[in-house]
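**Q** Numbered as in numbering that gives the first Met the number 0, the sequence shown ends at 683 without a single skipped number.
All residues carry an ideal CB built from backbone N, CA and C; glycine is no exception.
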Amino acid sequence: MQFSFRKIILFILFSTVILTMMYCGSPSQQSSGSKPQISDVYLNHSDTAHYVGMSQCKLCHQSIYDSFIQTGMGKSFEHASKQKSSAEFSKHTVIYDKYSDFYYQPFWDRDSMKIMEFRLKGKDTTYKHIEKVDYIVGSGQHTNSHISNTNGYLHQMPMTFYTQKGKWDLPPGFENGKNTRFARKIGLECMSCHNAFPDFVEGSENKFNSLPEGINCERCHGPGSIHVQQRSTGVKIDTSKYIDYSIVNPGKLPIDLQFDVCQRCHLQGNSVLKEGKSFFDFKPGMKLSDYMTVFLPRYKNADEQFIMASHADRLKQSKCFIKSFVPNESASLKGNDGGGLRPYKNSLTCVTCHNPHISVKRTGTEVFNSACKNCHSGTNQIFCNEKQKLRNKTQDNCVSCHMPKSGSIDIPHVTVHDHFIRKPIKKKEVEELKQFIGLYAVNEKNPSNSLKAKAYLQQYDKFESNPVYLDSAKKYLSDKTSDDVKQNFEMLVHLYFIKQNFTRVLMYVNQLGKENLLTNVLTKKSGNNAHAWTLYRIGESYFNIGNIQDAYIFYKKANDLAPYNPEFKNKLGSSLMAQSRVEEAIVIFSNILKENPKFVQALNNLGYANLLKGNSVEAEALYNRALKLDPDYQPLLMNVIGLYIYEKKYKDAKELLNQVLKKNPNNQQAIQVLMQLKSMKWGV
């Protein structure tokens, strides 16, 4: 049936009137009778609602826009420019990573920011590689980090400027021998907190069609299309009396759902998505734990340690927070944690101290002090037992003593206010040994065993390769019965793949049946490519036991679900090579490089495939392209050695073998080739 535009407008107006009659009464009216879910109330929770962008919002909210774009959120992400950068540049700005033996230097080439990676032997430059900076992430209040864009594939670059110290250094996580250079993927999880929602390419890990610039209004208010539509058609609501359900105003939400708006990003940790959910799905006004559970490690004797974006977790541990709420057995709207939170008169939330539309830099100390005085005062006197001399020195600044600045354990060269509000703590003379207790779900009281198992596996994969996490995951993953295996299959595969117990992985595959997995169980696409990764791990398991045919089948299925993951495609090409299907493999590797010309593994494999075809000139050209991108990639170096031997350049082969063994004395392949060269006395 087709409707005229006039009928559509009338339908929208009629629907709005009905909804206003249903939900825009007083709080007492809302709490009587049936109790609707919040998600049933807000129109912009509908799948038909879409994001309109901050430029649309400012047409009606210019003054709020003008102040918001000066906040840390508003300045969170932009194209690299001299105006955006907070960094200092000079010809002497060089950092050195002693573990990888790389130097890094940032510089401007006209209006383009670039980072040069190089090596020195004495005063001579033996290696140089330059990459363009496309985006700067970070407001500059703490850091500026840098991102490159290769045909939509985003990677973090190996230099960060720490504004508080005014110094350049390696980014967080690149230190102590973990420098991934220009290869750290910036995926949807990272981008969905450091920016407004991007146009993400499904079937990839880190490819984007387009990116907005900066966290925008709709991250806290939800999609704006219906709100804009209503205002443009003359529908108005007196917000002094009623709630406007076309858009979310977090201040009108139940307290726990207010926290969820902030916790979505200010609760950094190990975020485990619920089944079938993605990082796009949560919208303001929804219950965060319906979409993801955020886990953090807990340690004994480590109360002083915290990560930078753990504001919500630290605040919730504070007595100030705990005592400002009491459990509510009959919340006004269903779906709130533990039945909801009923505030006292002066309940403590994020917005008690922070106006998200105004920069912290422009918020006066008295604003924060007033928030404290609302509870901690009597007859206009602050309840403070500190010595008057110190109070005078700090000008009665509550925050300076009760939320002191200190370094976070995850970001170097940065100090932030600890949001665990408490009396000043005297440092222990003897530091007790920190002991790991377990992972704690910050935003969900009783997570399932399945979620706990996923959390421990992700903790191992993403943060720290500690075998303790694998032991903990196993506790929650039973495989005693066929039903257990069916229920826990993907996590069991993940666990034993990490352990490199490929026989165990394939035992589970045989229990469920290969055909069943390929045609029924692991066929669904998802934003986080979960099934594709399981298929890939199964393919790797077959490959490692020498079953190339089945490896190829599972690699191909993984590639079908996630066609923009070059790792999957590269393994598919490798399995073709192992079956002597070299021409088909060349097509696969060439397609990878059309999509992502800097993917070193594909350059290396394509070079080897050309060498097998007898085209040593093309092989050498491809190897040289790869060496300019990664001079330390050992499979590549071994292939170059093979090329030297093919061309009877035995002296060059021996020299490169010694370089490989100097960096990795345990490279068995290099040891064997060197011994073979010596035994045959080729150029030695």
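Whether or not the segment 596-615 and the segment 557-575 are in contact is what I'm after, with contact meaning three or more pairs of Cβ atoms, one per stretch, closer than 8 Å; do they touch?
**A** Contact holds: three or more Cβ-Cβ distances are below 8 Å.
**Q** Confirm, please, whether the CB-CB distance from H193 to V136 is below 9 Å.
**A** Locating residue 136 in the sequence shown gives position 137, counting from the first residue. Locating residue 193 in the sequence shown gives position 194, counting from the first residue. Taking 9 Å as the Cβ cut-off, V136 and H193 qualify as a contacting pair.
**Q** Which parts of the segment 239-306 are runs of the alpha helix (DSSP H), unbroken and 4 residues or longer, counting only runs that do not cross its ends?
**A** You should have 254-265.
**Q** According to the Cβ coordinates, are I537 and V508 closer than 9 Å?
**A** Translated into positions along the sequence shown, residue 537 becomes position 538. Translated into positions along the sequence shown, residue 508 becomes position 509. Taking 9 Å as the Cβ cut-off, I537 and V508 qualify as a contacting pair.
**Q** Taking one C-beta from the segment 509-518 and one from the segment 242-261 each time, how about it: are there three or more such pairs within less than 8 Å?
**A** The answer is no - the segment 242-261 does not touch the segment 509-518, with fewer than three Cβ pairs under 8 Å.
**Q** Nearest CA to the CA of I68: which residue from W167, R503, R361 and N614?
**A** Within the sequence shown, the letter at position 69 stands for residue 68. With distances taken between Cα atoms, I68 lies closest to R361.
**Q** Give, in chain order, every unbroken run of the alpha helix (DSSP H) that is at least 4 residues long and sits entirely within the segment 594-648.
**A** Qualifying alpha helix (DSSP H) stretches, in chain order: 599-611, 615-628 and 633-645.
**Q** Give the range of the beta strand (DSSP E) segment to which H78 is assigned.
**A** Sequence index remark: in the sequence shown, residue 78 carries index 79 (1-based). Residues F76 to H78.
**Q** Quick check: the Cα distance between S66 and K206, rounded to an integer number of angstroms?
**A** In the sequence shown, counting from the first residue as 1, residue 66 sits at position 67. In the sequence shown, counting from the first residue as 1, residue 206 sits at position 207. Their Cα atoms are separated by approximately 32 Å.
**Q** Per the DSSP calculation, H128 is bridged to which residue(s)?
**A** Here residue 128 corresponds to residue number 129 of the sequence shown, with the count starting at 1. DSSP, once it has assigned bridges, lists E116 as partnering H128.
**Q** Relative to the ligand ADP, is the shortest distance from any of its heavy atoms to the C-beta of V247 smaller than 8 Å?
**A** With respect to small molecules bound, the structure shown includes none, and the ligand ADP cannot be examined in it.
**Q** By the 10 Å Cβ neighbour count, where 16 or more other Cβ atoms means buried, how is L673 classified, buried or exposed?
**A** On the sequence shown, residue 673 is found 674 positions in, with the first residue counted as 1. Buried, since its Cβ has 16 or more Cβ neighbours within 10 Å.
**Q** Which residues does DSSP pair with F435 in a beta bridge?
**A** The count along the sequence shown starts at 1 and reaches residue 435 at position 436. Y298.
**Q** Alpha carbon to alpha carbon, what distance is there between E619 and H49?
**A** Within the sequence shown, numbered from 1, the residue matching residue 49 stands at position 50. Within the sequence shown, numbered from 1, the residue matching residue 619 stands at position 620. One C-alpha to the other measures close to 50 Å.
**Q** Which same chain residues, not among the five before or five after F367, have their C-beta less than 6 Å away from its C-beta?
**A** To locate residue 367, count along the sequence shown from 1; it is residue 368. So the qualifying residues of the chain are C352 and V398.
**Q** Pairing CB atoms from the segment 260-280 with CB atoms from the segment 304-312, are three or more of them under 8 Å?
**A** The segment 260-280, when compared against the segment 304-312, does touch it at the 8 Å Cβ threshold.
**Q** Could you tell me if H226 is buried or exposed, where buried requires 16 or more neighbouring beta carbons within 10 angstroms of its beta carbon?
**A** Residue mapping note: residue 226 aligns to position 227 of the sequence shown, counting from 1. With 16 or more Cβ atoms within 10 Å of its Cβ, H226 is classed as buried.
**Q** Express the C-alpha separation of D629 and V132 in angstroms, rounding to a whole number.
**A** Your numbering for residue 132 matches position 133 in the sequence shown. Your numbering for residue 629 matches position 630 in the sequence shown. Answer to the nearest angstrom: the Cα atoms are 18 Å apart.
**Q** According to DSSP, is F553 part of a helix, a strand, or is it coil?
**A** Here residue 553 refers to the residue found at position 554 of the sequence shown. Three-state result, F553: helix.
**Q** Counting beta carbon pairs with one atom in the segment 545-561 and one in the segment 574-591, are three or more of them shorter than 8 Å?
**A** Enough Cβ pairs lie closer than 8 Å, so yes.
**Q** Could you pull the start and end residues of the alpha helix (DSSP H) that F196 belongs to?
**A** Taking the first residue of the sequence shown as 1, we reach residue 196 at position 197. From DSSP, F196 is part of no alpha helix (DSSP H); its letter is neither H nor E.
**Q** Should the segment 249-256 be called in touch with the segment 98-118, which here means at least 3 C-beta pairs below 8 Å?
**A** Touching, no, given that fewer than three Cβ pairs across the two stretches are closer than 8 Å.
**Q** Note down the Cα distance separating Y439 from N590, rounded to an integer number of angstroms.
**A** By 1-based counting over the sequence shown, the position of residue 439 is 440. By 1-based counting over the sequence shown, the position of residue 590 is 591. Rounded to whole angstroms, Y439 to N590 spans 43 Å at the Cα level.
**Q** Quick one: Cα of Y475 to Cα of A452, how far?
**A** As a position in the sequence shown, residue 475 is number 476, starting the count at 1. As a position in the sequence shown, residue 452 is number 453, starting the count at 1. Spanning the two alpha carbons is a distance of roughly 6 Å.
**Q** From the DSSP output, in three-state form, read off S447 for me.
**A** Taking the first residue of the sequence shown as position 1, residue 447 is located at position 448. Coil.
**Q** In this structure, how does DSSP classify Y563 when only helix, strand and coil are distinguished?
**A** Numbered from its first residue, the sequence shown carries residue 563 at position 564. If DSSP states are grouped into helix, strand and coil, Y563 belongs with coil.
**Q** My assumption, with CB atoms under 8 Å, is that F279 sits in contact with G73. Please give the rounded CB distance.
**A** In the sequence shown, residue 279 corresponds to position 280, counting from 1. In the sequence shown, residue 73 corresponds to position 74, counting from 1. About 21 Å separates the two Cβ atoms, so there is no contact after all.
**Q** What does a CB cutoff of less than 6 Å around H416 pick up in its chain, not counting 5 residues either side in sequence?
**A** Position 417 of the sequence shown, counted from the first residue, corresponds to residue 416. Closer than 6 Å at Cβ, skipping near neighbours: M402 and K404.
**Q** Counting beta carbon pairs with one atom in the segment 660-672 and one in the segment 629-647, are three or more of them shorter than 8 Å?
**A** Yes, since at least three Cβ pairs between the segment 629-647 and the segment 660-672 fall closer than 8 Å, the two stretches touch.
**Q** Residues in the same chain with beta-carbon distance under 8 Å from Y455, minus the five sequence neighbours each way, listed in chain order, please.
**A** The residue given as residue 455 occupies position 456 in the sequence shown. Around Y455: L438, Y468, L469, S471, A472 and Y475.
**Q** Do you know how far the Cα of G545 is from the Cα of K677?
**A** For the purposes of this step, residue 677 is taken as the residue at position 678 of the sequence shown. For the purposes of this step, residue 545 is taken as the residue at position 546 of the sequence shown. Each residue's alpha carbon lies about 31 Å from the other.
**Q** Smallest Cα separation from E583: which of N595, K555, E594 and A561?
**A** Position 584 of the sequence shown, counted from the start, is the residue given in the question as residue 583. Selected option, being the one with the closest Cα: K555.
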